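Engineer: Numbering (the working numbering), first residue to last: 384 to 575. Backbone N, C-alpha and C define an ideal beta-carbon position, used for all residues, glycine too. Nothing here was measured: the structure is a model prediction, and the numbers come from that model. Sharing a structure below in structure tokens format, with a few things to ask.
Here you go:
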């Protein structure tokens, strides 16, 4: 009986040794697959790096209140006055110029703009947002009995260099104080 067990063990052992030394997996083919996967991963990493780099320069957003400090009315003027929002809260991408009140698009894309105006009772407030000198949308409040507020917003497709700004209408007023009742904001929704 001992001899039979010994023969069985030797047969089983040689079978196991044969399986380890001659696997059914083609190692060369598997190494080729790994090489191709590594090349694909490298290309994906390069693409991701490029996309992240391209989008880094496309961050554009600003928000500003009319007066840098203090309290007061702006207007009336006998002409349409470009409003210069001096209290800059944020200017990511530096596309808004507080010296001129003009936002200049640094990248082609779709943008959102919003503006607010405030006036005291008995005064008239009217503001228009323009794109390259063309009216886009307006707000107004004609001599309210008490304080008046108005706001408007618009989504615009801009080319590089397009200019967006607001103007105070002739013979109208706008009020602001440290609470920034009168403000102008915009941001890039997505580049084109």
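Nearest to residue 521 by alpha carbon, out of 500, 505, 530, 515?
Structural biologist: For this step, residue 521 is matched to residue 138 along the chain shown. Among 500, 505, 530, 515, the Cα nearest to that of residue 521 is on 500.
Engineer: Count Cβ pairs between the stretch 440 to 458 and the stretch 405 to 418 that sit closer than 8 Å; are there 3 or more?
Structural biologist: no
Engineer: Give every residue of the same chain whose Cβ lies closer than 6 Å to the Cβ of residue 427, excluding the five residues on either side of it in the sequence, and list them in chain order.
Structural biologist: The residue labelled residue 427 in the question sits at position 44 within the chain shown. For residue 427, where only same-chain residues beyond five positions count, there are no Cβ hits under 6 Å.
Engineer: For residue 543, name the three-state secondary structure that DSSP assigns.
Structural biologist: Within the chain shown, the letter at position 160 stands for residue 543. DSSP places residue 543 in coil when its eight states are reduced to three.
Engineer: Please state the DSSP three-state secondary structure of residue 461.
Structural biologist: On the chain shown, position 78 is the one that residue 461 refers to. Correct three-state label for residue 461: coil.
Engineer: Which residues does DSSP list as the beta-bridge partners of residue 496?
Structural biologist: Residue mapping note: residue 496 aligns to position 113 of the chain shown, counting from 1. The partner list for residue 496 (beta bridge, DSSP) reads 537, 569.
Engineer: Reducing DSSP to helix, strand and coil, say where residue 419 ends up.
Structural biologist: As a working note, residue 419 is residue 36 in the chain shown. Three-state result, residue 419: helix.
Engineer: Report yes if the CB atom of residue 546 is closer than 8 Å to the CB atom of residue 457, and no otherwise.
Structural biologist: What you label residue 546 is simply residue 163 of the chain shown in a count that begins at 1. What you label residue 457 is simply residue 74 of the chain shown in a count that begins at 1. Cβ atoms of residue 546 and residue 457: not closer than 8 Å.
Engineer: For the putative contact between residue 435 and residue 549, defined by C-beta atoms under 8 Å, what is the C-beta separation to the nearest angstrom?
Structural biologist: As a first step, residue 435 is located in the chain shown; it is residue number 52 there, counting from the start. As a first step, residue 549 is located in the chain shown; it is residue number 166 there, counting from the start. Residue 435 to residue 549, Cβ: 34 Å. No contact.
Engineer: Looking at the structure shown, is residue 449 part of a helix, part of a strand, or coil, going by DSSP?
Structural biologist: In the chain shown, the residue the question calls residue 449 occupies position 66. Coil at residue 449, not helix or strand.
Engineer: Going by the beta-carbon positions, is the gap between residue 493 and residue 575 smaller than 8 Å?
Structural biologist: Residue numbering aside, residue 493 sits at position 110 when the chain shown is read from its first letter. Residue numbering aside, residue 575 sits at position 192 when the chain shown is read from its first letter. Yes; because the gap between Cβ atoms is below 8 Å, this pair is in contact.
Engineer: Return helix, strand or coil for residue 487, following the three-state DSSP convention.
Structural biologist: Within the chain shown, numbered from 1, the residue matching residue 487 stands at position 104. Correct three-state label for residue 487: strand.
Engineer: Check this for me: beta carbons of residue 525 and residue 507, under 8 Å apart or not?
Structural biologist: Numbered from 1 along the chain shown, position 142 holds the residue referred to as residue 525. Numbered from 1 along the chain shown, position 124 holds the residue referred to as residue 507. Yes, Cβ-Cβ distance for residue 525 and residue 507 is below 8 Å.
Engineer: Would you mind stating whether residue 514 and residue 476 have Cβ atoms separated by less than 8 Å?
Structural biologist: Residue mapping note: residue 514 aligns to position 131 of the chain shown, counting from 1. Residue mapping note: residue 476 aligns to position 93 of the chain shown, counting from 1. Against a cut-off of 8 Å, the Cβ pair of residue 476 and residue 514 comes out as no contact.
Engineer: Compute the Euclidean distance between the alpha carbons of residue 540 and residue 557, then round it to the nearest angstrom.
Structural biologist: Indexing the chain shown from 1 puts residue 540 at position 157. Indexing the chain shown from 1 puts residue 557 at position 174. Approximately 28 Å between the Cα atoms of the pair.
Engineer: Using 10 angstroms around the beta-carbon of residue 573, count the other beta-carbons present and answer buried if the total reaches 16, otherwise exposed.
Structural biologist: By 1-based counting over the chain shown, the position of residue 573 is 190. Burial call: exposed.
Engineer: Measure from the alpha carbon of residue 519 to the alpha carbon of each residue in 538, 532, 528, then state which is nearest.
Structural biologist: Position 136 of the chain shown holds residue 519. The shortest Cα separation from residue 519 among 538, 532, 528 belongs to 538.
Engineer: Taking the beta carbon of residue 529 as the centre, do at least 16 other beta carbons fall within 10 Å, making it buried, or is it exposed?
Structural biologist: The sequence position of residue 529 within the chain shown is 146, counting from 1. Per the 10 Å Cβ criterion, exposed.
Engineer: Verify whether the separation of the beta carbon atoms of residue 473 and residue 445 is less than 8 Å.
Structural biologist: Within the chain shown, the letter at position 90 stands for residue 473. Within the chain shown, the letter at position 62 stands for residue 445. Their beta carbons are under 8 Å apart, which means residue 473 touches residue 445 by this criterion.
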